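For the sequence shown, the positions run 8 to 262 when my numbering is used. Here the structure is laid out as structure tokens; the discussion comes afterwards.
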Amino acid sequence: MHSILHVLKTKQDMLDNQIYLSEIFTSIEGEGILFGTKTLFIRFAGCHLKCYWCDTPYSLEIKGGNRYSFSDVKKLINDNLQPNTYKVNFTGGEPLLQYNAVKELAKYIKDRNDEIVTYIESSCYDYNRFKEILPYIDICKVEFKMSDSNAVDYKHHDNLINNELECLKIAIQNKKVTYIKIVITSLTSLSEFKGLIERIFSKIDKENLAGFIIQPTSSINEPSLKQLLDFYDIVYPVYREVRVVPQLHKIIGAR
Ligand code: SF4
């Protein structure tokens, strides 16, 4: 007869062996410093943040995704990975909600030894979870959420920014290719942005930062050209590799 501990452990193993994915597909990267690269996207289901301009609302409910075992997902990776793929992008939703799955799958990609790099795009809401996956990730997009995103309420915003700052620091310290992305809308506060830029560049060695992307929203509260130039002008004096880059995949009708 099995002990109660054995039964509980078996149950936990079963839970740990479940991965909720929204979708997995090959497409052209449309964001950030690596736009234009052929990419396998693994979109995790589930996100507890509430960005009002979120462009993947279908991926926010964890149970809205399809449930797989690890071996199912490994098979899906093998079936969907095309020749000449530059990277595997762990995205969401918020991939850190299922950080054990990210860790396991990123390790699986690295173990294939076929030079495909691993990439995480995350809100970086949890430094401890980010630290767990980092050894298996080559490229980190660290996104900072401005308060007008409504990702979290006012009381929790500073905690979110602190986690994002710590994730940025540890990614750079571990010599990952690391860049920053910030989404700007017509409502984003210039003074809040200026304060954040000062905090960021007081904490990191900018020589080891791979880029800074200002991403304007599209179709919803789009910032004007003048606003984008104002944000650019705040970053450029401290960090010259700043770029304003919209989401390009939408132009070619890609996901
Ligand atoms: S963190 Fe990403 S997935 Fe979550 S609500 Fe914001 S934009 Fe959407």
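Every residue gets a Cβ at the ideal spot worked out from N, C-alpha and C, and that includes glycine. Quick caveat, the model's predicted, so the values are computed rather than measured.
Comparing the CB of residue i with every heavy atom of ligand 1, is any distance shorter than 8 Å?
i, result
"D62", "yes"
"A158", "yes"
"L56", "yes"
"K152", "yes"
"L67", "yes"
"G100", "yes"
"S130", "yes"
For the putative contact between residue i and residue j, defined by C-beta atoms under 8 Å, what is the C-beta separation to the nearest angstrom?
i, j, result
"L216", "I179", "7 Å"
"G99", "F51", "4 Å"
"Q254", "G37", "5 Å"
"N170", "D133", "6 Å"
Taking only the alpha-carbon atoms, compute the straight-line gap between residue i and residue j and give it to the nearest angstrom.
i, j, result
"Q89", "V124", "14 Å"
"V242", "V249", "7 Å"
"V245", "L103", "30 Å"
"K82", "E150", "30 Å"
"Y283", "I49", "One cannot answer for residue 283 here, as it falls past the ends of the chain, which runs 8 to 262."
"T46", "I84", "12 Å"
"N166", "L141", "20 Å"
"A108", "F77", "8 Å"
"F208", "S129", "20 Å"
"Y59", "D155", "9 Å"
"T17", "Q105", "Because T17 carries a pLDDT of 43, less than 50, the predicted location of this residue cannot be relied on, and the following value inherits that uncertainty. Rounded to whole angstroms, T17 to Q105 spans 19 Å at the Cα level."
"F238", "G218", "15 Å"
"N2", "G39", "The displayed coordinates of the chain run from 8 to 262. Any statement about residue 2 would go beyond what the structure contains."
"A158", "V190", "12 Å"
"E214", "C147", "16 Å"
"S231", "K117", "42 Å"
Run through DSSP, which three-state label would residue i get?
i, result
"K4", "Coverage of the chain is limited to positions 8 through 262, which leaves residue 4 absent and any answer about it impossible."
"L15", "Residue confidence is low: L15 scores 45 on pLDDT, short of 50, so the model does not pin down where it sits. No coordinate-derived value is stated."
"F42", "coil"
"I189", "strand"
"Y243", "coil"
"S225", "coil"
"I146", "strand"
"Y106", "helix"
"E122", "coil"
"S5", "One cannot answer for residue 5 here, as it falls past the ends of the chain, which runs 8 to 262."
"I168", "helix"
"V159", "coil"
"V80", "helix"
"L28", "strand"
"F219", "strand"
"L88", "coil"
Taking 8 Å as the cut-off, does the CB of residue i come closer than this to any heavy atom belonging to ligand 2?
i, result
"S226", "The model on display carries ligand 1 but not ligand 2."
For residue i, decide whether its Cβ has a neighbour in chain D, counting only Cβ atoms nearer than 9 Å.
i, result
"I123", "Absent from the structure is chain D; it holds one protein chain and no more."
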